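S.K.:
Residue numbers (my numbering): 404 to 545.
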């Protein structure tokens, strides 16, 4: 089980905006990519969720941009589960630049667990809960 998952990425030219740094929308994509990779690493791929007709949908995102990233730089998205409740979960993230250990972004996403056939909330199954550790605030990376 991956408690705190690290998703590595090299910034591409296509991710750069007119100001010469990574476009703010790209950061949201990285968050989603990291969440999916973390879930997959813990045994719950998008395909598995689709086959069972259950899974996660985003309810809200919060992103705080602290420093820009530029083409050619490596970034690491660290992600972990902060809370798991009956039908929802709070996933947190931080994006760091390993070159200088600079914190670029702090973010979180509120996820709801749903039945994919009718998009109604559904209790998170025990088999899903068992695959994810909850990281208390005092144990979060800094």
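Positions of the beta carbon are idealized from the N, C-alpha and C atoms, including for glycine. Being a predicted model, the structure only gives us computed values, none of them experimental.
Using CA coordinates, which residue listed in 428, 437 and 529 is at the minimum distance from residue 410?
M.R.: 437
S.K.: Would you say the beta carbon of residue 476 is closer than 6 Å to some non-hydrogen atom of the ligand ADP?
M.R.: The ligand ADP is absent from the structure shown, which contains no ligand whatsoever.
S.K.: So, with DSSP's three-state summary, where would you put residue 504?
M.R.: DSSP places residue 504 in the coil class of the three-state scheme, outside both helix and strand.
S.K.: Could you check the C-alpha separation between residue 519 and residue 512 for me, to the nearest Å?
M.R.: Inter-residue distance for residue 519 and residue 512 is about 19 Å (C-alpha atoms, whole angstroms).
S.K.: Would you list the one or two residues that DSSP bridges to residue 494?
M.R.: 484 and 512
S.K.: Please report the distance separating the alpha-carbon of residue 489 from that of residue 450.
M.R.: Distance between the alpha carbons of residue 489 and residue 450: 23 Å.
S.K.: What does the Cβ neighbour count give for residue 494, buried or exposed, with the cut at 16 atoms within 10 Å?
M.R.: Residue 494 comes out buried.
S.K.: Hey, out of 460, 501, 435 and 506, whose CA is closest to residue 521's CA?
M.R.: When the alpha-carbon of residue 521 is set against those of 460, 501, 435 and 506, the nearest one is in 460.
S.K.: Measuring straight from C-alpha to C-alpha, what distance separates residue 517 and residue 455?
M.R.: 11 Å
S.K.: Measuring alpha carbon to alpha carbon, tell me which of 484, 404, 429 and 523 ends up nearest residue 471.
M.R.: 429
S.K.: For residue 541, count neighbouring Cβ atoms within 10 angstroms of its own Cβ and tell me buried if that reaches 16, exposed if not.
M.R.: exposed
S.K.: Assuming residue 487 contacts residue 532 (C-beta within less than 8 Å), just tell me the rounded distance between them.
M.R.: 6 Å
S.K.: Using 10 angstroms around the beta-carbon of residue 504, count the other beta-carbons present and answer buried if the total reaches 16, otherwise exposed.
M.R.: exposed
S.K.: Along the chain, where does the beta strand (DSSP E) containing residue 454 start, and where does it finish?
M.R.: Where residue 454 is concerned, there is no enclosing beta strand (DSSP E), although the alpha helix (DSSP H) it sits in stretches over 449 to 455.
S.K.: So, helix, strand or coil for residue 422, using DSSP?
M.R.: coil
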